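Below is one structure, written out as structure tokens; the observations come after it.
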Amino acid sequence: MDRSRRNFCLGAGAATIGAAAGTAMPASAAPGGAALRRDGDPAHRWAMVVDVGKCVGCQACTVACIMENDVPENSFRTIVSTYEVTEQGKAGSYMLPRLCNHCEDPPCIPVCPTGATFQRRDGIVVVDNTVCVGCAYCVQACPYDARFINHETQTADKCTFCVHRVEAGLLPACVETCVGGARIFGDLNDPDSAVATLVRDENPKVLKPEQGTQPRVFYLGLDPRFQGKVDGTPTLWRPSNQAHAEKEHA
Amino acid sequence: MDNHIVEVINVTREVAWLPWAVQYFFLIGLSVGGLLLSLPGYAFAREDWRALGRTALLVALTCGLAAPVALLSDLHQPGRFWHFYVVLRPTSWMWWGSIFIPLYITGLLVYGWACFREELQAHGRVDSRLAALYRLASLGGGRNDALIRAAGLFALAGALLVALYTGAEVAVVKARPLWHTLFLPVQFLMTALAGAAGLVLVLNRFAAGNDRAVEVRANRLLAGFLGGVMLVGGLWLALGLFGLDATHAEALGSVAGSEAWRVTAVWAVAATALPFAIAVAKPAGTGLLTGLIALHGAWMFRWTVFIGGQTVPKTGAGFYDYALPAGPEGLLGIVGTAGLWLFLLIALTAILPSPRRPAPAPARAAQAPAGTVAAAE
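Residue numbers (numbering that gives the first Met the number 0), protein chains in the order written: chain A, 0 to 249; chain B, 0 to 376.
Structure below.
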């Protein structure tokens with residue numbers, strides 16, 4: 000691709016990038032109250048590409064996120080969902096890192112009754128936990144089960160793309176720690192960034208595209224059986240609700 | 000060949016709308032239903048509806064005053080409730096709810112006062128140490144049908160807005176196919192009306208003089224509401240079962256494979272059809288039974304929608320486990336809300352005991368004049 004053509008494509012913003020993925024819209028034309036965005040630098044549109052084929056399911060990202068963001072016990076801002084897939088009698092593993100999708104049209108924002116959850120102009124969806132009343136409406140509205148109530152702050156909590164690190168010029172903790180290089184983070188508005196290139200050239204998929212949320216977490220090698228609610232036998236291990244309740248009221 | 004997926008590791012998202020929310024939607028629904036049932040007797044001055052209307056008004060007031068407490072308790076940061084009132088968030092049905100609830104409760108209290116003013120005035124005429132307080136509470140006036148009607152219509156507007164927002168707030172959640180249906184607001188309203196008629200029947204037995212005419216009328220109303228519940232439920236099921244609508248089919252598909260959900264469905268049908276059949280076949284003498292089952296049905300519907308709905312993962316396989324905690328986020332919340340409601344009922348019926356019913360015709364001359372109420376010693 001020649002430089003001018005690339006500039007033409009990407010000069011219009013993430014619209015063209017997204018069009019390559021079949022899902023995106025430019026931030027400036029995004030629905031869901033783009034005009035109400037605040038904070039952050041609109042010159043950037045942060046996004047993540049997850050190369051499922053490179054994920055080994057080590058959960059280093061899960062742990063790094065917990066340590067970096069002081070996520071309470073039994074809560075997760077990100078986790079690698081792990082599945083045993085049997086096909087034609089042969090069993091294998093499938094790993095799917097999950098996190099907030101920092102959607103272009105995030106359904107969690109319009110439902111918020113206090114404005115505590117909002118989207119920055121660089122696309123990162125955040126929660127101001129000094130304003131949040133803990134009504135959990137956003138928890139219900141998120142199609143990806145990416146939000147939860149933090150029982151230490153009693154407010155809504157979620158992945159922030161480690162916004163405090165990004166603003167300091169660092170990568171999110173999960174990306175920094177990923178041993179397989181499965182998580183790629185960058186600026187969609189930068190045509191030379193790895194994420195922009197991958198989104199443009201590799202035709203990545205997103206989770207639950209039918210929800211119309213236009214996620215900005217893209218997946219390479221996403222098996223369609225894992226794109227929505229997984230039709231399978233439930234997990235063998237879960238954090239114990241009982242243990243959590245006991246801790247809460249200890 | 001053997002093809003299947005086993006989920007080995009995933010996150011369990013706990014229920015975020017707690018049993019407090021179930022209690023709120025239950026109580027506010029009963030309150031709205033009670034208000035609607037009270038309107039013919041009071042706001043439209045239909046004397047034959049007056050006794051039923053009085054019991055319905057007790058339902059509306061007691062449930063309406065208890066409901067916001069449950070709602071506030073469902074917030075994980077209840078002390079920040081005022082944050083609702085310092086922003087404009089018209090995209091959020093919950094924000095609209097924060098406007099509609101006080102509007103409705105204010106209208107309800109004014110309407111309730113206007114309806115009971117006649118009784119307050121009568122109590123003020125009784126030789127009692129509290130008579131002065133009753134006279135003060137009646138503001139020196141008595142029955143004023145114009146005032147009752149105006150307040151009733153205002154409260155009705157508030158009630159309709161509450162019914163609209165409570166339904167829409169849940170129905171707009173596209174992420175949960177079970178909730179994302181236009182039927183849900185109608186189902187909330189129909190089950191609320193059935194529950195309110197049920198509570199009228201129960202209170203008629205225990206707190207309103209066990210009036211046979213009220214029982215028969217309330218049972219007939221209940222049968223009508225339950226018929227509506229079955230009709231709407233049947234339509235929802237048909238849309239999902241025959242794949243006429245993708246969202247409904249997805250909603251049905253998300254729970255159809257669960258034994259627990261199938262049992263719940265059969266239970267719900269039984270809890271609707273049984274009181275319907277009893278109320279139609281024998282409206283007299285069965286009010287307590289049909290009333291209790293109807294109340295149970297209205298509560299169970301909300302429990303299933305909220306708690307059951309949140310146990311359906313949005314991305315993961317199977318269902319999340321839910322065990323009712325014993326503390327304030329579970330059983331204690333339910334019992335506490337019920338206790339608050341009972342306290343309000345006892346307080347209200349102590350301040351305003353049921354008027355004495357007229358005696359049978361031969362003894363009428365020996366009874367107090369119509370409109371006289373028991374002294375509130």
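In this text, a Cβ means the ideal position worked out from N, Cα and C, and glycines have one as well. From a predicted model like this one, the values you see are computed outputs, not experimental measurements.
| Item | Value |
| --- | --- |
| S257 (chain B): contacting residues in chain A (beta-carbon distance under 7 angstroms) | Per Cβ cutoff of 7 angstroms: no residues; S257 (chain B) is ~11 angstroms from chain A at best. |
| Sheet register partners of I108 (chain A) (DSSP bridge) | I108 (chain A) is not bridged to any residue. |
| CB-CB length for T232 (chain A) against E6 (chain B), believed under 8 angstroms | 6 angstroms |
| Straight-line Cα distance separating L60 (chain B) from T154 (chain A) | 32 angstroms |
| Beta-carbon proximity list for L170 (chain A), same chain, < 6 angstroms, skipping 5 on both sides | F184 |
| CA nearest to the CA of L330 (chain B), picked from B:A69, B:D144, B:V10 and B:R204 | B:A69 |
| T93 (chain A) - containing beta strand (DSSP E), residue span | Contrary to the premise, residue 93 (chain A) reads as Tyr rather than Thr in this sequence. Element bounds for Y93 (chain A): K89 to R97. |
| Inter-residue Cα distance where the pair is G227 (chain A) and C64 (chain A) | 24 angstroms |
| F75 (chain A) - DSSP class collapsed to helix/strand/coil | coil |
| Cβ neighbour criterion (16 or more within 10 Å) applied to T61 (chain A) | buried |
| Interface flag, I4 (chain B) vs chain A, CB-CB below 7 angstroms | yes |
| Rounded straight-line distance, which links the Cα of K207 (chain A) to that of T314 (chain B) | 9 angstroms |
| Environment of F187 (chain B) [buried if 16+ CB atoms lie within 10 Å] | buried |
| Where R182 (chain A) sits in the DSSP three-state scheme | strand |
| Contact set between C102 (chain A) and chain B, taken where Cβ atoms lie within less than 9 angstroms | None at all; the shortest Cβ gap to chain B is about 12 angstroms. |
| Candidates B:G157, B:A158, B:L159 and B:V185: closest to A170 (chain B) by CA position | B:V185 |
| Coarse secondary structure for Q309 (chain B), derived from DSSP in three states | helix |
| From A:P96, A:K204, A:V70 and A:C131, residue whose alpha carbon lies closest to that of V110 (chain A) | A:C131 |
| Three-state class that DSSP yields for G231 (chain A) in the structure shown | coil |
| Cβ neighbours of W112 (chain B) in the same chain (closer than 6 angstroms, five flanking residues each side left out) | none |
| Per-residue DSSP class, three states only, for Y218 (chain A) | strand |
| Spatial distance of L344 (chain B) from N73 (chain A) (CA atoms) | 41 angstroms |
| Chain A within 7 angstroms of A316 (chain B), Cβ atoms only | yes |
| Residue burial classification, R412 (chain B) (beta-carbon count within 10 angstroms, cutoff 16) | For residue 412 (chain B) there is no data in the structure shown, the boundaries of chain B being 0 and 376. |
| Residue range of the unbroken beta strand (DSSP E) whose run includes A46 (chain A) | W45 to D50 |
| Delimiting residues of the alpha helix (DSSP H) encompassing I292 (chain B) | G286 to W302 |
| Proximal residues, the region 103-123 of chain A versus chain B, C-beta separation under 7 angstroms | P106, P109, V110, C111, P112, T113 and G114 |
| Beta-carbon proximity check, A140 (chain A) vs P106 (chain A), cutoff 7 angstroms | yes |
| As assigned by DSSP and simplified to three states, the class of Q253 (chain A) | Shown here, chain A extends from 0 to 249; a query on residue 253 (chain A) therefore has no answer. |
| Contacting positions in the region 183-205 of chain B - beta carbon closer than 7 angstroms to chain A | none |
| Which residues DSSP lists as bridging I27 (chain B), in chain order | Paired residue(s): none; I27 (chain B) is not in a bridge. |
| Buried or exposed by the 16-neighbour rule on C-beta atoms within 10 Å, applied to D191 (chain A) | exposed |
| At least three beta-carbon pairs within less than 8 angstroms, the region 148-167 of chain B to the region 249-265 of chain B | no |
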